[in-house]
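Participant:
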Amino acid sequence: MIDNNIFHNKKVAFHTLGCKLNFAETSAIGKKMAEEGFVKVRPGEEADVCVINTCTVTDTADRKCRQAIGKFHRMYPNSIMVITGCYAQLKPEEITKIEGVDLVLGANEKFSILEYLRDIDPEKPAEFHTTKINQIKEFKPSCSRDDRTRYFLKVQDGCDYYCTYCTIPFARGRSRSASVAETVAIAHEAIDAGAKEIVLTGVNIGDFGVHTDETFFDLVKDLDNIERDVRFRISSIEPNLLTDEIIEYVATSKRIMPHFHIPLQSGTNEVLKLMRRKYNRELFAHKVEKIKSLMPHAFIGVDVIVGVRGETPELFEASCQFIDSLDVSQLHVFTYSERTGTKMLEIEQNTPVVERKKRSDILHLLSEKKTKAFYESQMGKTYPILWESRRFGDNMVGFTNNYIRAERSYDKDMINKVQEVTLGEWNSDGSALVIKA
Ligand code: SF4
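Using numbering that gives the first Met the number 0, you'd call the opening residue of the sequence shown number 0 and step up by one each time.
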């Protein structure tokens with residue numbers, strides 16, 4: 000029998016880079032470690048183990064991971080340093096050479112961290128354990144809480160799409176998910192633990208069930224039918240997988256929030272083709288119109304990548320005009336960076352780095368304009384809001400069902416409570432709306 004006591008009261012520090020899915024996974028790893036006796040390190044204490052969950056979406060992400068490793072090694076020089084996540088899956092050997100690293104775990108190994116920790120000898124050189132990405136078939140849904148009040152339900156992992164700029168399929172493997180029943184059971188566990196809002200996460204969640212005979216729509220319907228006091232948000236979903244059926248369903252649903260996050264990536268068909276995306280801009284515009292015609296109050300967030308190879312100044316300009324014409328609420332702007340092993344590198348026409356930065360600034364301004372207009376269109380309207388645990392001076396914040404950030408005076412008893420509120424004007428720093436008394 001394995002002796003579990005070796006981890007009793009050991010201190011662990013976590014650091015996560017990257018997307019919501021990574022945060023959900025760090026939380027799931029933390030939960031497993033806590034069950035075996037680990038406690039989270041407090042400020043001023045020494046950590047026995049550091050877990051850094053990495054991202055590799057851009058070069059900057061890789062650099063930030065290396066910086067984080069250095070920082071944690073300086074903070075906790077005697078701890079066992081474990082590196083996992085997408086960067087660890089893609090460049091395990093490179094990471095073992097970074098000072099302070101003891102153990103590198105790939106995509107398939109990260110949830111077996113305790114077994115590896117039992118065997119580790121920190122006196123020996125750093126070791127890495129990874130599985131070839133195309134051999135990873137396993138998937139277990141998991142749910143974890145962030146440091147606010149929201150829970151993240153991981154419903155899917157991996158991606159089969161191979162967009163030309165993206166390394167995620169190399170880092171996370173093929174698309175996979177569990178059954179609707181298993182996923183709904185995990186949602187019930189989270190609700191039992193107090194979840195009032197659950198965000199569905201994954202790499203390509205619309206692909207849920209792609210290798211079974213179920214669909215993402217089946218999952219959405221079954222979650223909506225949970226007769227409990229809870230609401231769900233669909234996080235980022237590919238426009239070609241966000242079916243009209245799903246949009247129509249959300250428009251009348253009890254528990255699925257009128258909030259969409261749809262990656263566009265470019266507003267011209269030429270660049271979408273170079274990216275090998277599976278839709279054109281007409282389809283995207285149709286999805287936005289469909290949502291807005293049924294739910295004029297819906298929040299729509301849109302991902303855009305600027306400065307990819309082949310995006311000439313003219314194409315960028317056309318892309319901006321297209322995006323400006325869309326009735327969306329926010330842009331998430333990403334600046335292209337070259338990734339080893341991706342098809343996009345075969346395109347000769349390159350965008351200088353300073354130009355990429357300029358384009359990013361332009362779209363950030365456009366995003367601010369869109370968000371301001373959306374918020375102002377919602378002033379005076381009444382929505383349910385879930386208050387969060389974070390405190391901002393004398394105030395607390397929450398998000399309405401349609402993802403408007405609002406604030407009220409702090410009241411501990413309101414944390415994780417849903418309240419019907421009427422939205423007022425901007426707060427003093429323009430980061431949220433105040434609520435009307
Ligand atoms: S859909 Fe494209 S961009 Fe998104 S994870 Fe898959 S390959 Fe990457």
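Backbone N, C-alpha and C define an ideal beta-carbon position, used for all residues, glycine too.
Is it true that the segment 258–268 meets the segment 278–298, where meeting means three or more beta-carbon pairs spaced less than 8 Å apart?
Facilitator: yes
Participant: For the segment 253–314, which segments carrying the beta strand (DSSP E) assignment without a break, of at least 3 residues, lie completely within its bounds, in sequence order?
Facilitator: 258–264, 298–305
Participant: Which residues in the same chain as N239 place their Cβ atom closer than 7 Å to its Cβ, once the five residues preceding and following it in sequence are excluded?
Facilitator: K277, Y278, L282
Participant: Which value, in whole angstroms, describes the spacing of the CA atoms of L263 and E35?
Facilitator: 43 Å
Participant: So is M0 buried or exposed if we call it buried at 16+ other beta carbons inside 10 Å?
Facilitator: Only weak support exists for where M0 lies, its pLDDT of 36 falling under 50; the coordinates are left without a value.
Participant: Quick check: what's the CA-CA separation for I197 versus A177?
Facilitator: In this structure, the alpha-carbon of I197 lies about 17 Å from that of A177.
Participant: Taking the alpha carbon of N224 as the point to measure from, which residue in G84, M74, V249 has its own alpha carbon closest?
Facilitator: For the residues G84, M74, V249, the minimum Cα distance to N224 belongs to V249.
Participant: Between the C-alpha atoms of D221 and V183, what's the straight-line distance to the nearest angstrom?
Facilitator: Roughly 7 Å separates the two Cα atoms.
Participant: Y115: which of V81, T370, F315, K10 sits nearest, CA to CA?
Facilitator: Per the Cα distances, V81.
Participant: Where does A106 fall in DSSP's three states?
Facilitator: coil
Participant: What's the gap between the Cα of L104 and the Cα of R65?
Facilitator: 15 Å
Participant: Measuring only from the beta carbon, is P168 closer than 7 Å to any heavy atom that is part of the ligand SF4?
Facilitator: In this structure, P168 has its beta carbon less than 7 Å from a heavy atom of the ligand SF4.
Participant: Can you check which of these residues, D412, V209, T83, is closest to R175 by C-alpha distance?
Facilitator: V209
Participant: Any idea what DSSP makes of C49, helix, strand or coil?
Facilitator: strand
Participant: What whole-angstrom Cβ distance do I304 and F259 have, given they're in contact under 8 Å?
Facilitator: Contact check for I304 and F259: beta-carbon distance about 19 Å, past the 8 Å limit, so the pair fails to qualify.
Participant: Contact between the segment 151–165 and the segment 115–124: three or more CB pairs below 8 Å?
Facilitator: no
Participant: Count the C-beta pairs between the segment 374–393 and the segment 415–429 that are closer than 8 Å, then say yes if the count reaches three, no if not.
Facilitator: yes
Participant: Could you tell me the alpha carbon to alpha carbon distance between V11 and L314, rounded to whole angstroms?
Facilitator: 48 Å
Participant: Among residues of its own chain, excluding the 5 on either side of V40, which ones have a beta-carbon nearer than 7 Å to its beta-carbon?
Facilitator: K10, V11, A12, A46
Participant: Could you give the DSSP three-state label for I343: helix, strand or coil?
Facilitator: The sequence given here has Met at residue 343, not Ile. In the structure shown, M343 sits in a helix (DSSP, three-state: H, G or I).
Participant: What residue range is occupied by the uninterrupted alpha helix (DSSP H) comprising V353?
Facilitator: Residues 352–377.
Participant: Count Cβ pairs between the segment 386–394 and the segment 325–337 that sit closer than 8 Å; are there 3 or more?
Facilitator: They do not touch, by the three-pair rule.
Participant: Nearer than 7 Å: is that true of the beta carbon of N203 relative to any heavy atom of the ligand SF4?
Facilitator: yes
Participant: The ligand SF4 heavy atoms versus the CB of E44: any closer than 7 Å?
Facilitator: No, the beta carbon of E44 sits no closer than 7 Å to any heavy atom of the ligand SF4.
Participant: Any idea what DSSP makes of V81, helix, strand or coil?
Facilitator: strand
Participant: Quick one: give me the first and last residue of the beta strand (DSSP E) that Y248 is part of.
Facilitator: Careful: Y248 lies outside any beta strand (DSSP E), inside the alpha helix (DSSP H) at 243–251.
Participant: Is any non-hydrogen atom of the ligand FMN found closer than 7 Å to the C-beta of E196, if you look at the structure I gave you?
Facilitator: Questions concerning the ligand FMN fall outside what the structure shown contains, since the ligands it does hold are the ligand SF4.
Participant: Note down the Cα distance separating E122 from K96, rounded to an integer number of angstroms.
Facilitator: 15 Å
Participant: By Cβ distance below 7 Å, which residues in the same chain neighbour R358 in space, the five residues on each side in sequence not counted?
Facilitator: V305, G306, F315
Participant: Within a Cβ cutoff of 7 Å, which residues of the same chain sit near A180, ignoring the five residues on either side of it in sequence?
Facilitator: Same-chain partners within the cutoff: there are none.
Participant: Taking DSSP's pairing of strands, which residues face V433 in a bridge?
Facilitator: E406
Participant: Going by DSSP, which residues form a beta bridge with R41?
Facilitator: For R41, which the question treats as bridged, DSSP gives no partner whatsoever.
Participant: Spatial neighbours of Y402 within its chain, please: CB distance less than 6 Å, with the 5 preceding and 5 following residues excluded, ordered by chain position.
Facilitator: H258, F298
Participant: Can you find the residues in the same chain that come closer than 7 Å, C-beta to C-beta, to N349, ignoring five residues on each side of it along the sequence?
Facilitator: If you ignore the 5 residues before and after N349, its C-beta comes within less than 7 Å of the C-beta of R308, all in its own chain and listed in chain order.
Participant: Could you pull the start and end residues of the alpha helix (DSSP H) that T148 belongs to?
Facilitator: It is not in any alpha helix (DSSP H) - T148 carries neither H nor E in the DSSP assignment.
Participant: Hey, quick one: how far does the alpha helix (DSSP H) through G59 stretch, first residue to last?
Facilitator: In the sequence as displayed, the identity of residue 59 is Thr instead of Gly. Where T59 is concerned, the enclosing alpha helix (DSSP H) stretches over 58–74.
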